[in-house]
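If you're matching them up, the sequences are chains U and R in order. Using our numbering, the first residue of the first sequence is number 1, and each one after it goes up by one. Using our numbering, the first residue of the second sequence is number 114, and each one after it goes up by one. A virtual CB, placed ideally from N, CA and C, is assigned to each residue, including glycine. Here the structure comes first, spelled out in structure tokens, and everything after it is commentary.
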Amino acid sequence: QKEVEQNSGPLSVPEGAIASLNCTYSDRVSQSFFWYRQYSGKSPELIMSIYSNGDKEDGRFTAQLNKASQYVSLLIRDSQPSDSATYLCAVNVYKDSNYQLIWGAGTKLIIKP
Amino acid sequence: KAGVTQTPRYLIKTRGQQVTLSCSPISGHRSVSWYQQTPGQGLQFLFEYFSETQRNKGNFPGRFSGRQFSNSRSEMNVSTLELGDSALYLCASSPWVDTEAFFGQGTRLTVV
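Laid out in structure tokens, this is it:
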């Protein structure tokens, strides 16, 4: 089992709809969770961080964390074509006596006008 | 506040040569991580430095090495370049360990 898993997509969502991106992780003691957006040919940029169970909202973005079920999700409301990108989930995992940031392979999101 | 700066942005090298890439983190950030990304691939972790010490290392051959200086600036070196080393190399800085990482624009290395 991979430490951090994401559906590679592509996930196609109509403009104006809600895009839902999911990420599961294997380490039960993980405490820090991050969502990044990466446009083609560019570097990843941080969208949200979440540390506690529940929802965290920032503008059109909502991160949801459920530690019992070991998943973290990102909702994008009122999706825009400019949201088309690859979304990366990153989780701090305890490994080799250290916490390391482990990355999912990313989900490609396509917003259709 | 200036972001993470990577130099050079683009580089073309010949097989067998070596290359050094540089990363200046955000002021005050003490952790620097390096990643390799090839087309269609996710981020492959190379190594992480904190306070001049390597904390973590990914599964890359010994040809890949790095270091961090007292001002938190970091360099990575790849010796005996291979065609497969062609990739986007990304540096990310964090204020501390286990906190958000902020990426530079990357160095695109092409090995011919």
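Exercise. Please decide whether residue 115 of chain R counts as near chain U, where near means a Cβ-Cβ distance under 8 Å.
Key: In the second sequence, the residue the question calls residue 115 of chain R occupies position 2. So, not an interface residue.
Practice problem: Give me the Cα-Cα distance between residue 125 of chain R and residue 193 of chain R, rounded to the nearest whole angstrom. | Solution: Residue numbering aside, residue 125 of chain R sits at position 12 when the second sequence is read from its first letter. Residue numbering aside, residue 193 of chain R sits at position 80 when the second sequence is read from its first letter. Approximately 14 Å, taken between the alpha carbons.
Quiz item: Which residues, taken in chain order from the segment 181 to 213 of chain R, show a beta carbon closer than 7 Å to some beta carbon of chain U?
Solution: 203, 210, 211, 213
Quiz item: Just checking, does the segment 134 to 151 of chain R make contact with the segment 206 to 221 of chain R on the three C-beta pairs under 8 Å criterion?
Solution: yes
Practice problem: State the start and end residues of the unbroken beta strand (DSSP E) segment that holds residue 72 of chain R. | Solution: Since the first residue shown for chain R is 114 and the last is 225, residue 72 of chain R is missing from the structure and cannot be characterised.
Quiz item: Does DSSP classify residue 196 of chain R as helix, strand or coil?
Solution: Counting from one through the second sequence, the residue named residue 196 of chain R turns up at place 83. In this structure, residue 196 of chain R counts as helix in the three-state DSSP scheme.
Quiz item: How would you list, in chain order, the residues of chain R whose beta-carbon sits under 8 Å from the beta-carbon of residue 99 of chain U?
Solution: On the first sequence, position 99 is the one that residue 99 of chain U refers to. Near residue 99 of chain U (Cβ distances below 8 Å), the residues of chain R are 210, 211.
Quiz item: When you compare only the Cα positions, how much space is there between residue 80 of chain U and residue 123 of chain R?
Solution: Indexing the first sequence from 1 puts residue 80 of chain U at position 80. Indexing the second sequence from 1 puts residue 123 of chain R at position 10. One C-alpha to the other measures close to 31 Å.
Quiz prompt | Three-state class that DSSP yields for residue 55 of chain U in the structure shown | solution = Here residue 55 of chain U refers to the residue found at position 55 of the first sequence. If DSSP states are grouped into helix, strand and coil, residue 55 of chain U belongs with the strands.
Quiz prompt | Which residues DSSP lists as bridging residue 133 of chain R, in chain order | solution = By 1-based counting over the second sequence, the position of residue 133 of chain R is 20. Paired residues: R/190.
Self-check item: the segment 124 to 140 of chain R in contact with the segment 51 to 61 of chain U per 3-pair CB rule at 8 Å
Solution: no
Exercise. Take the Cβ of residue 198 of chain R as the centre, count every other Cβ of all protein chains shown within 10 Å, and call the residue buried at 16 or more, exposed below.
Key: Taking the second sequence and counting its residues from 1, one reaches residue 198 of chain R at position 85. Buried: at least 16 other Cβ atoms inside 10 Å.
Quiz item: When DSSP builds the beta bridges, which residues end up paired with residue 101 of chain U?
Solution: Start at 1 with the first residue of the first sequence, and residue 101 of chain U comes out as number 101. According to DSSP, which records beta bridges pairwise, residue 101 of chain U is partnered with U/92.
Self-check item: 7 Å Cβ cut-off: residues of chain R touching residue 46 of chain U
Solution: Counting from one through the first sequence, the residue named residue 46 of chain U turns up at place 46. Neighbours of residue 46 of chain U on chain R, chain order: 213, 215.
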